[in-house]
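Protein chains in written order, with the numbering used here: chain X, 288 to 530; chain R, 147 to 268.
For every residue, glycine included, the Cβ atom is placed at its ideal position computed from N, Cα and C.
No experiment lies behind these values; they were computed from the predicted model shown.
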Amino acid sequence: MSWPDLTQSFPPVVRAGLPLFAITLTLGAYLVGVEIQKRFRNPLANPVLIAIMIIGVTLRLLHLSYQDYFTGAQFIHFLLGPATVALAIPMVRALEHMRRGFWPMISALLAGSLIGIVSGYGLVCLLGGSQTVALSMAPKSLTTPIAIAVSTSIGGIPSLSAVLAILGGILVAISIDPVLHWLKIDEPSAKGLAAGTAGSGIGASRVIPQHTLSAAFAGVAIGANGILTALLAPILVPLLKHW
Amino acid sequence: MSMIQSIFILLLFQLAGELLSGLTHVPVPGPVIGMMLLAAFYILRRREPSPALQHAADGLLSWLGLLFVPAGVGIVANLALLRSAWLPISVALIGSTFITLVTTAWIMHRFGNRASIQREGL
Chain X
288 MSWPDLTQSF PPVVRAGLPL FAITLTLGAY LVGVEIQKRF RNPLANPVLI
338 AIMIIGVTLR LLHLSYQDYF TGAQFIHFLL GPATVALAIP MVRALEHMRR
388 GFWPMISALL AGSLIGIVSG YGLVCLLGGS QTVALSMAPK SLTTPIAIAV
438 STSIGGIPSL SAVLAILGGI LVAISIDPVL HWLKIDEPSA KGLAAGTAGS
488 GIGASRVIPQ HTLSAAFAGV AIGANGILTA LLAPILVPLL KHW
Chain R
147 MSMIQSIFIL LLFQLAGELL SGLTHVPVPG PVIGMMLLAA FYILRRREPS
197 PALQHAADGL LSWLGLLFVP AGVGIVANLA LLRSAWLPIS VALIGSTFIT
247 LVTTAWIMHR FGNRASIQRE GL
């Protein structure tokens, strides 16, 4: 923690109210983010990013640590589990579409997974970053728990990988609409698959409300890229190190 | 099927996923295994999920962004880590994310369309 923890000196009543405060703050900050997004209609006005900044500043002003915040926020965090399981539902609905585009989907997933690992690792090395940072960058496209597991197994810094996975997801949420519009790609299947492969859950959260097919392909991509990278990274990384 | 039943099913499959993940030591988290199990369940039984379950899933997924906020605030607590090598980190993150996004979308766009057009004889 980079700022002093003064909460120990708070009276017990205040400490007991911390979880309630953290949950209310999280919902409030996210609602403000959604409102700003509606108002400005600019991809940069991303509700997740705005909420993180509001909460970050609030915690700093109140001298609360991340641990203090998380004692309450963990109840919202917990819902990520069932929400991930829920991604199966749009997948079942889109089964026919997936059968039809099965081989293109597998090719796109494999290519995205490979390029994500190699370009993440390679770019850090090219720019003079340390090998540990490069290894932490390799699994950055994955959903956070898989990114942490892969980072640990290949010798990266797990917490750095987690942060990079979240930042990468925000980046995808911000850039996917303008970038794909510029490339004239507007099919929900391609959009969903790209959002899930490059930006996992946060990337997917941007395209899920747009189309039920986007949600389905994003769900498949989150799972498939996680599994592919978990299998490929330990094989690829030793090759990359020698290169 | 009620809301409670829907939540129960999602949690049950997550629990099954967590158990499988723990028992087999595969590096895939429980919720992702739970997602695959739930999809396989409905695909193998050739049944549509009930309207209540679809409703609960859609409801949870429409707020997916919110659920990442608590973990995301962790970035603020880890700023020092990022600052230590900010140039290679920021350029590699932006560059690699962009290449991955474009490659995946382009392959699906280019070949996914053609496959479905040929199959449908259009």
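Going straight from the alpha carbon of residue i to that of residue j, what length do you get?
i, j, result
"S462(X)", "S167(R)", "33 Å"
"I339(X)", "S236(R)", "18 Å"
"P445(X)", "A185(R)", "30 Å"
"Q264(R)", "A251(R)", "Confidence in Q264(R) is poor, its pLDDT being 49 and thus under 50, which makes the residue's placement unreliable; the coordinate value appears in the next sentence. Answer to the nearest angstrom: the Cα atoms are 20 Å apart."
"E266(R)", "M254(R)", "Unreliable positioning characterises E266(R) in this predicted model, as indicated by a pLDDT of 49, which lies under 50. The coordinate reading is nonetheless provided below. Each residue's alpha carbon lies about 17 Å from the other."
"R285(X)", "S352(X)", "Because residue 285(X) is not part of the residues shown, which for chain X are 288 to 530, the question remains open."
"L527(X)", "V248(R)", "23 Å"
"S438(X)", "A425(X)", "8 Å"
"T484(X)", "A477(X)", "10 Å"
"Y356(X)", "L312(X)", "9 Å"
"V344(X)", "R256(R)", "44 Å"
"N333(X)", "G220(R)", "17 Å"
"A517(X)", "P173(R)", "7 Å"
"S400(X)", "G241(R)", "15 Å"
"Y188(R)", "E194(R)", "7 Å"
"L366(X)", "I153(R)", "10 Å"
"A520(X)", "G304(X)", "44 Å"
"H498(X)", "A381(X)", "11 Å"
"H350(X)", "L225(R)", "16 Å"
"V321(X)", "I337(X)", "9 Å"
"S440(X)", "F327(X)", "42 Å"
"H364(X)", "L165(R)", "20 Å"
"R229(R)", "L190(R)", "49 Å"
Please state whether the Cβ-Cβ distance between residue i and residue j is less than 8 Å.
i, j, result
"A511(X)", "M378(X)", "no"
"F362(X)", "I310(X)", "yes"
"P330(X)", "D464(X)", "yes"
"V372(X)", "L156(R)", "yes"
"I433(X)", "P175(R)", "yes"
"G506(X)", "T430(X)", "no"
"G211(R)", "V335(X)", "yes"
"F214(R)", "G180(R)", "no"
"P234(R)", "L414(X)", "yes"
"A238(R)", "G407(X)", "yes"
"P177(R)", "A360(X)", "no"
"L307(X)", "L227(R)", "no"
"P475(X)", "S492(X)", "no"
"I342(X)", "V319(X)", "no"
"G490(X)", "G456(X)", "yes"
"K427(X)", "L451(X)", "yes"
"A231(R)", "V420(X)", "yes"
"I453(X)", "I245(R)", "no"
"G218(R)", "P391(X)", "no"
Does any residue of chain X have a CB that is nearer than 8 Å to the CB of residue i?
i, result
"M149(R)", "no"
"G218(R)", "yes"
"T170(R)", "no"
"A198(R)", "no"
"L210(R)", "yes"
"L206(R)", "yes"
"F154(R)", "no"
"L166(R)", "no"
"L228(R)", "yes"
"L190(R)", "no"
With a cut-off of 8 Å on the beta carbons, I'd call residue i and residue j a contact; round off their distance for me.
i, j, result
"L422(X)", "G443(X)", "4 Å"
"A508(X)", "G479(X)", "7 Å"
"A203(R)", "L183(R)", "That pair is no contact at about 14 Å."
"V206(R)", "P369(X)", "It should be noted that the sequence gives Leu, not Val, for residue 206(R). Rounded, the Cβ-Cβ distance is 6 Å, consistent with contact."
"P496(X)", "S208(R)", "6 Å"
Quick one: is residue i near chain R, going by C-beta distance under 8 Å?
i, result
"G443(X)", "no"
"I433(X)", "yes"
"L414(X)", "yes"
"A436(X)", "yes"
"G304(X)", "no"
"S440(X)", "yes"
"L307(X)", "no"
"G513(X)", "yes"
"V494(X)", "no"
"T311(X)", "no"
"V524(X)", "no"
"K528(X)", "no"
Would the C-beta of residue i count as close to the ligand ADP, meaning under 7 Å from any of its heavy atoms?
i, result
"H384(X)", "By its list of ligands, the structure shown contains no ligand whatsoever, and the ligand ADP lies outside what it can speak to."
Next item on the list: Determine which residues of the region 458–471 of chain X have a Cβ less than 9 Å from any Cβ of chain R, and write them out in chain order.
Entry: Answer in chain order: L458, V459, A460, S462, I463, V466, L467, L470 and K471.
Exercise. Using a Cβ-Cβ cut-off of less than 7 Å, list which residues of the region 359–385 of chain X approach chain R; keep chain order.
Key: Residues A360, Q361, I363, H364, L366, L367, G368, P369, A370, T371, V372, A373, L374, A375, I376, M378, V379 and L382.
> Between the region 232–252 of chain R and chain X, which residues of the former have CB atoms less than 8 Å from a CB of the latter, in chain order?
Replying inline: Per Cβ criterion, the list reads L233, P234, I235, V237, A238, L239, I240, G241, S242, T243, F244, I245, T246, L247, V248, T249, T250, A251 and W252.
*Would you list, in chain order, the members of the region 331–343 of chain X that have their beta-carbon closer than 7 Å to a beta-carbon of chain R?*
Answer set for the region 331–343 of chain X: P334, V335, A338, I339, I342 and G343.
Next on the checklist: Using a Cβ-Cβ cutoff of 7 Å, what residues of the region 318–329 of chain X are near chain R? List them in chain order.
Outcome noted: From the region 318–329 of chain X, no residue has a Cβ closer than 7 Å to chain R.
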